[in-house]
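*Asks:* To convert, note that position 74 of the sequence shown is 96 in the working numbering; the numbers rise steadily by one, no gaps.
Heads up, the beta-carbon is just placed ideally off N, CA and C, and yes, glycines get one too.
Computed from a prediction, not measured in an experiment: that's the story for all the values here.
Take a look at this one; I'll ask things after.
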Amino acid sequence: MSAFVEPLRLILLAETSLWGELLHERLEALGDPAPLTCAPDWPTVEALLEHHPDGVLLTTPAYLPTSEHCSAPIILLLENEPDVAPDPACDWLVRDQLSDDVVRRCLRYVRGQSRLRATLHDLTEQDALTGIANRQGFQTLLAARLGDHSRRGLALVHLDLDHFHQANDTLGHRAGDHLIQQVVARLKLHLGRDDHLARLGGDEFALLLDRDDPVAVSTWVQRVADALGEPYWVEGESLLLGCSLGVARAKPVSNADTLMWHAHVAMQQAKSREGCTFHLYDERLDRDMRSQVDLQRELRRALRREELQLHYQPRLCLHTGRIVGLEALVRWKHDRLGLLMPGSFVPLAEECGLIVPLGYWVIDRALRDMQWLSECGHPQLHMAVNLSFRQFQDSQLLPTLERLIGSCGIDGRWLEFELTETAVMRRCDYVQQTMGRLGHLGVRFSLDDFGTGFSSFEHLSNLPIALLKIDRSFVTGMELNPQSQRLVQAMINLAHNLELEVVAEGVENAEQLQLLREFGCDQVQGYLVSKAMSLAELARFLSAGVHQSLRCGRS
């Protein structure tokens, strides 16, 4: 008789020794090299299966476990042929039919089932692209390691790649997959024998380190951050990516969910800094993160309860001395924290997915306020609204704008969307197509925070942009810095060569205003003209006239 190619680990649990004697006789006749281990009770079976996860249990109906208690394949040992297939056994042997052929067939079938289970296990707990553990597999591993009383110090690292989605959108998903594989290859070079790596999803990874010394953990994480900061080669081009790593050390009372949350909190803290950085978890971070979660929950409520409001900052034309435009700036009248500026909650809205409904609320409110100002007899002014890239990608943007513009009876030519340089450089072809479709409504576009991004002359000339807004960082202190003056003048000349108007932000004194006039700047915006104000204050401001507003700005 031929021997089996892959011997199984057979574990027997039966009331008498008779089954053991019969099975030993058949296995010897088949030439099977794997010994049959006889277990006296169920705890012994559990211990054997823990050390031999590829084991197969042979047992009688009296000891038959449920599928919840035993994940190993089960061969049921019976005195008589059953009428129906016994559950949860995958096969069975009948005592008076225990021939060599029957045993051979049974073991071959169970071996196939074992391979299938192993394959399905790999599919559910292994990342298909990289071959490392996925989130489900890692959580199982982490829980087991934390439950191991003999374990030494453990540290969990949560790694997130910065700006990966931009690279994926720009270069394509195939290049993005290649990039992920390069990241995994670099991480594997730094893993110790007892360390583990998993891909939690997308561009997020987890690393479980078997380290006692906190200094050794920090040194290792810094070394990994340095390695990931080196250029990647994708599609024949060199590409730099930042990364953020959060580190949490396990405590005796740590469980898997808590430890993963602590590492995530630390990673979010590292993400607030540029480059490849890491941060160690401490309790204060957890309190800060939970306060941010509370704020996100309150923001959802604020949208439903109309707790948001718009303030408007005027734009002054330097050629005519008249107010020609407004920028709509959202505020949150928080019942506990007072009036919150956009920087306090707009990034939160981006993170939790509220930026799209928030953006539509701003557009709707701004259009209705434009309608009110017109009904009060004020001249039409360009209304500038900041448009996030996520809203720019929303499939309902065009039909929603058509509905809002139509319901307010506003001419779309007076609506202006401000986009940042970073936004227009992401998926440039898509941006250009979307801007073209929105242009049919009459709306125009301005490029906000010019000089802080990485736009090129080619993209500026191809996009349907009407204005460039010079970032306030270049205007602030300009009157005392000749180099800043030359830079601002160069920006204005560039814009005019591209037949674009220029708006300078952050103008706060008469010296800056005079320099901008000399440079040929078209419009200015800042405290010298006016701070951002409520709709009622804006109406009084427009009635008072520009010269009074300038005097107010100087005082």
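Could you spell out where the alpha helix (DSSP H) holding residue 363 opens and where it closes?
*Replies:* The sequence position of residue 363 within the sequence shown is 341, counting from 1. Here residue 363 belongs to no alpha helix (DSSP H), and DSSP marks it neither H nor E.
*Asks:* Tell me, to the nearest whole angstrom, how far the beta carbon of residue 298 is from that of residue 268; I am working on the premise that it is less than 8 Å.
*Replies:* Within the sequence shown, residue 298 is the residue found at index 276, counting from 1. Within the sequence shown, residue 268 is the residue found at index 246, counting from 1. Incorrect: roughly 13 Å between the Cβ atoms, too far for contact.
*Asks:* So residue 483 and residue 460 are supposed to be a Cβ contact under 8 Å. How far apart are they, rounded?
*Replies:* Position 461 of the sequence shown, counted from the first residue, corresponds to residue 483. Position 438 of the sequence shown, counted from the first residue, corresponds to residue 460. With 8 Å as the limit, residue 483 and residue 460 do not qualify as a contact, their Cβ atoms being about 19 Å apart.
*Asks:* Please list, in chain order, all residues of the same chain as residue 558 whose beta carbon is under 7 Å from its beta carbon, the five residues on each side excluded.
*Replies:* Here the question's residue 558 lines up with position 536 in the sequence shown. Closer than 7 Å at the Cβ level, and outside the excluded window around residue 558, lies no residue.
*Asks:* Do the stretch 237-245 and the stretch 145-157 make contact, defined as three or more Cβ pairs closer than 8 Å?
*Replies:* Touching, no, given that fewer than three Cβ pairs across the two stretches are closer than 8 Å.
*Asks:* My output table needs one value for residue 293: the three-state DSSP class, helix, strand or coil.
*Replies:* For the purposes of this step, residue 293 is taken as residue 271 along the sequence shown, with counting starting at 1. The answer is coil: DSSP assigns residue 293 none of H, G, I, E or B.
*Asks:* Is residue 432 helix, strand or coil when you go by DSSP?
*Replies:* Taking the first residue of the sequence shown as position 1, residue 432 is located at position 410. Residue state, collapsed to three classes: coil.
*Asks:* Taking DSSP as the reference, what is the three-state secondary structure of residue 204?
*Replies:* The residue given as residue 204 occupies position 182 in the sequence shown. Residue state, collapsed to three classes: helix.
*Asks:* Exposed or buried, residue 347, counting other C-beta atoms within 10 Å across all chains shown (16 or more means buried)?
*Replies:* Looking up residue 347 in the sequence shown gives position 325. Residue 347 is buried by the Cβ-count criterion.
*Asks:* Using a Cβ distance threshold of 8 Å, determine whether the stretch 361-378 contacts the stretch 531-543, with at least three qualifying pairs required.
*Replies:* At 8 Å Cβ cutoff, the stretches do not touch.
*Asks:* Examine chain B for any beta-carbon lying closer than 7 Å to the beta-carbon of residue 131, and answer yes or no.
*Replies:* Structure shown: chain B not included; a single protein chain is present.
*Asks:* Buried or exposed for residue 241, going by 16 or more other Cβ atoms inside 10 Å?
*Replies:* Position 219 of the sequence shown, counted from the start, is the residue given in the question as residue 241. When all chains shown are included, residue 241 counts as exposed.
*Asks:* Examine the Cβ distances between the stretch 108-116 and the stretch 67-74 and report whether three or more of them are shorter than 8 Å.
*Replies:* At 8 Å Cβ cutoff, the stretches do not touch.
*Asks:* With 16 other CB atoms within 10 Å as the buried threshold, where does residue 301 fall?
*Replies:* Sequence index remark: in the sequence shown, residue 301 carries index 279 (1-based). Result: buried.
*Asks:* DSSP state of residue 162, grouped into three classes?
*Replies:* Position 140 of the sequence shown, counted from the first residue, corresponds to residue 162. Residue 162 falls in the helix class under three-state DSSP.
*Asks:* Whole angstroms are fine: how far does the CA of residue 197 sit from the CA of residue 576?
*Replies:* As a working mapping, residue 576 is identified with position 554 in the sequence shown. As a working mapping, residue 197 is identified with position 175 in the sequence shown. Confidence in residue 576 is poor, its pLDDT being 39 and thus under 50, which makes the residue's placement unreliable; the coordinate value appears in the next sentence. Distance between the alpha carbons of residue 576 and residue 197 is about 54 Å.
*Asks:* Along the chain, where does the alpha helix (DSSP H) containing residue 519 start, and where does it finish?
*Replies:* If you number the sequence shown from 1, residue 519 lands on position 497. 504-519 is the extent of the alpha helix (DSSP H) around residue 519.
*Asks:* Whose CA, out of 539, 430 and 425, lies closest to the CA of residue 391?
*Replies:* Locating residue 391 in the sequence shown gives position 369, counting from the first residue. Nearest option by C-alpha distance: 430.
*Asks:* Is the beta carbon of residue 487 less than 7 Å from the beta carbon of residue 472?
*Replies:* By one-based count along the sequence shown, residue 487 stands at place 465. By one-based count along the sequence shown, residue 472 stands at place 450. For residue 487 and residue 472, no; Cβs fall outside 7 Å.
*Asks:* Which residues share a DSSP beta bridge with residue 301?
*Replies:* In the sequence shown, the residue the question calls residue 301 occupies position 279. Partner(s): 268.
*Asks:* From this set, 182, 564, 159 and 228, which residue's C-alpha is nearest residue 398's C-alpha?
*Replies:* Taking the first residue of the sequence shown as 1, we reach residue 398 at position 376. That would be 564, whose Cα lies nearest to the Cα of residue 398.
*Asks:* Taking just the CA atoms, how far does residue 114 sit from residue 133?
*Replies:* The residue you call residue 133 lines up with position 111 of the sequence shown. The residue you call residue 114 lines up with position 92 of the sequence shown. Going from the Cα of residue 133 to the Cα of residue 114 covers about 14 Å.
*Asks:* According to DSSP, is residue 38 helix, strand or coil?
*Replies:* Taking the sequence shown and counting its residues from 1, the one referred to as residue 38 is at position 16. Coil.
*Asks:* Counting only the same chain and skipping the five closest in sequence on each side, list residues whose C-beta sits under 6 Å from that of residue 403.
*Replies:* Residue 403 sits at position 381 when you count from the first residue of the sequence shown. The residues are 347 and 348.
*Asks:* How is residue 280 classed by DSSP in three states: helix, strand or coil?
*Replies:* For the purposes of this step, residue 280 is taken as residue 258 along the sequence shown, with counting starting at 1. The answer is helix: DSSP assigns residue 280 an H, G or I state.
*Asks:* Quick check: the Cα distance between residue 92 and residue 105, rounded to an integer number of angstroms?
*Replies:* Taking the sequence shown and counting its residues from 1, one reaches residue 92 at position 70. Taking the sequence shown and counting its residues from 1, one reaches residue 105 at position 83. In a straight line, the C-alpha of residue 92 is about 24 Å away from that of residue 105.
*Asks:* So is residue 452 buried or exposed if we call it buried at 16+ other beta carbons inside 10 Å?
*Replies:* Reading the sequence shown from its first residue, position 430 is the one you call residue 452. By the neighbour-count rule (16 or more Cβ atoms within 10 Å), residue 452 is not buried but exposed.
*Asks:* DSSP has residue 77 in a bridge; who is on the other side?
*Replies:* On the sequence shown, residue 77 is found 55 positions in, with the first residue counted as 1. For residue 77, which the question treats as bridged, DSSP gives the partners 31.
*Asks:* From the DSSP secondary-structure annotation, give me the bridge partner or partners of residue 336.
*Replies:* In the sequence shown, the residue the question calls residue 336 occupies position 314. For residue 336, which the question treats as bridged, DSSP gives the partners 348.
*Asks:* Sorted by chain position, which residues of the same chain lie with C-beta nearer than 7 Å to residue 276's C-beta, five sequence neighbours on each side aside?
*Replies:* Residue numbering aside, residue 276 sits at position 254 when the sequence shown is read from its first letter. Excluding residues within five positions, the ones whose Cβ falls inside 7 Å are 168.
*Asks:* Look up residue 564 in the DSSP assignment and say whether it is helix, strand or coil.
*Replies:* Within the sequence shown, the letter at position 542 stands for residue 564. In the structure shown, residue 564 sits in a helix (DSSP, three-state: H, G or I).
*Asks:* Determine the extent of the alpha helix (DSSP H) in which residue 549 is found, giving its start and end residues.
*Replies:* The residue labelled residue 549 in the question sits at position 527 within the sequence shown. Where residue 549 is concerned, there is no enclosing alpha helix (DSSP H), given that its DSSP letter is neither H nor E.
*Asks:* Which residues mark the beginning and the end of the alpha helix (DSSP H) in which residue 540 is found?
*Replies:* Along the sequence shown, read from residue 1 onward, the residue named residue 540 stands at position 518. First-last of the alpha helix (DSSP H) with residue 540: 532-541.
*Asks:* DSSP beta-bridge partners for residue 96?
*Replies:* For this step, residue 96 is matched to residue 74 along the sequence shown. In DSSP, residue 96 forms a bridge with 79.
*Asks:* Alpha carbon to alpha carbon, what distance is there between residue 539 and residue 566?
*Replies:* For the purposes of this step, residue 566 is identified with residue 544 of the sequence shown, where counting begins at 1. For the purposes of this step, residue 539 is identified with residue 517 of the sequence shown, where counting begins at 1. For residue 566 and residue 539, the distance between alpha carbons rounds to 23 Å.
*Asks:* By the 10 Å Cβ neighbour count, where 16 or more other Cβ atoms means buried, how is residue 124 classified, buried or exposed?
*Replies:* Start at 1 with the first residue of the sequence shown, and residue 124 comes out as number 102. Under this definition residue 124 is an exposed residue.
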